Ligand SMILES: [Zn+2]
């Protein structure tokens, strides 16, 4: 086996939540320019050709679907994103029960199919708002992967409570969204540093391009790589190492002087530098690619996880 082949791989994906048609933004021209600008940065010949996963709300799909068809042909992934208020429901997906939630996601699925000519398999809800119905509904509607959770985000006002849910790729539990289980859907959280808190402590510092500058992102990326390597060496040898960044198409990424564009370019450089430093093979990936690698090394369990009560603290007083 050559040295290159023996290197541990680390996947990098950028997710772009596309929602420029939202009433609060209402600027599809900006959305289109942003998506094209992001594509330009990813395709910059001075680096690896990176891949993005664009998750798109129905109205953006309807407004400029041709751009997403072009991106798909170039090897990027197009998934579904929802801000249900834009389509006539309340804003937060996580307040809905089974029937209505299924109806909301199915509505988006139909618009996606009309625009792209095939069914979506990747999903992200706005604000990561979800509840215990969400994963089984996604499975039922044919979605196979996505980024549904943001570990440790605690925003009850957005029906988004993720507590100590898994940090990395996993199959979710059928009845409890924060546990691992046997729903046939690979959930792939965005890279985040749960110890660094934002928004008054309610949400972790995640790898969202627009949140902080490149220096802060550097620490988040390096911390995640070190944590994942330790996990892979000490606990889970099949752990799929990845870095997943996030942004939105509501900033003018077509402008070369735009701060977010420069931050994104810096993130791509940082990922390559750190991959080299930790002797990792950097592999550009869509969210689907990461899900497929996870599936190839992790069989879907037959049952959702069984939990065992930790009784060690009782030892002193139990007979
Ligand atoms: Zn969104």
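Numbering (the numbering used here), first residue to last: 235 to 553. Glycine included, each C-beta is placed from N, C-alpha and C at the ideal position. Please read these numbers as outputs of a predicted model, since none were measured by experiment.
Taking 9 Å as the threshold (C-beta atoms), are residue 288 and residue 502 in contact? Position 268 of the chain shown holds residue 502. Position 54 of the chain shown holds residue 288. No. Outside cutoff.
May I ask you to check if the CB of residue 361 is nearer than 8 Å to at least one heavy atom of ligand 1? The residue you call residue 361 lines up with position 127 of the chain shown. At least one heavy atom of ligand 1 is nearer than 8 Å to the Cβ of residue 361, so yes.
Quick check: what's the CA-CA separation for residue 235 versus residue 300? Taking the first residue of the chain shown as 1, we reach residue 235 at position 1. Taking the first residue of the chain shown as 1, we reach residue 300 at position 66. Low confidence applies here, because residue 235 scores a pLDDT of 45, under 50, leaving its location unreliable and the question unanswered by this model.
Just checking residue 291 against ligand 1 - is the residue's beta carbon closer than 8 Å to any of the ligand's heavy atoms? Here the question's residue 291 lines up with position 57 in the chain shown. True, at least one ligand heavy atom lies under 8 Å from that Cβ.
Considering only residues of the same chain and omitting the five flanking positions on each side of residue 474, which have a CB-CB separation below 6 Å? Along the chain shown, read from residue 1 onward, the residue named residue 474 stands at position 240. The answer, listed in chain order, is 403, 527, 528.
With DSSP as the reference, label residue 387 as helix, strand or coil. Mapped onto the chain shown, residue 387 falls at position 153. Coil at residue 387, not helix or strand.
Check the DSSP bridge columns for residue 286 and list the partner residues they point to. Within the chain shown, the letter at position 52 stands for residue 286. The partner list for residue 286 (beta bridge, DSSP) reads 248.
Please determine whether the Cβ atom of residue 482 lies at a distance below 8 Å from any heavy atom of ligand 1. Position 248 of the chain shown, counted from the first residue, corresponds to residue 482. Correct: residue 482 has its Cβ closer than 8 Å to ligand 1.
What does the alpha-carbon distance come out to for the pair residue 496 and residue 260? To locate residue 496, count along the chain shown from 1; it is residue 262. To locate residue 260, count along the chain shown from 1; it is residue 26. Each residue's alpha carbon lies about 24 Å from the other.
In the structure shown, what three-state DSSP assignment does residue 431 receive? Counted from its first residue, the chain shown places residue 431 at position 197. In the three-state reduction of the DSSP assignment, residue 431 falls in the strand class, which pools E and B.
Can you name the residues that DSSP bridges to residue 311? Sequence index remark: in the chain shown, residue 311 carries index 77 (1-based). Answer by DSSP bridge pairing, in chain order: 287.
Following the continuous alpha helix (DSSP H) through residue 337, name the residue where it begins and the one where it ends. As a first step, residue 337 is located in the chain shown; it is residue number 103 there, counting from the start. Element bounds for residue 337: 332-350.
Can residue 352 be considered in contact with ligand 1, in the sense that its beta carbon sits closer than 8 Å to one or more heavy atoms? Counting from 1 along the chain shown, the entry for residue 352 is found at position 118. Incorrect: residue 352 has no Cβ contact closer than 8 Å to ligand 1.
Between the C-alpha atoms of residue 294 and residue 257, what's the straight-line distance to the nearest angstrom? In the chain shown, residue 294 corresponds to position 60, counting from 1. In the chain shown, residue 257 corresponds to position 23, counting from 1. Approximately 11 Å between the Cα atoms of the pair.
Which class does residue 275 belong to by DSSP, given the choice of helix, strand or coil? Here residue 275 refers to the residue found at position 41 when the chain shown is read from its first residue. Note: residue 275 maps to helix in three-state DSSP.
Counting pairs of Cβ atoms below 8 Å between the region 261-271 and the region 312-326, do you hit three or more? Under the three-pair Cβ rule at 8 Å, the region 261-271 does not count as touching the region 312-326.
Please confirm whether any heavy atom of ligand 1 lies closer than 8 Å to the CB of residue 317. Position 83 of the chain shown, counting from 1, holds the residue named residue 317. Yes - ligand 1 has a heavy atom lying nearer than 8 Å to the Cβ of residue 317.
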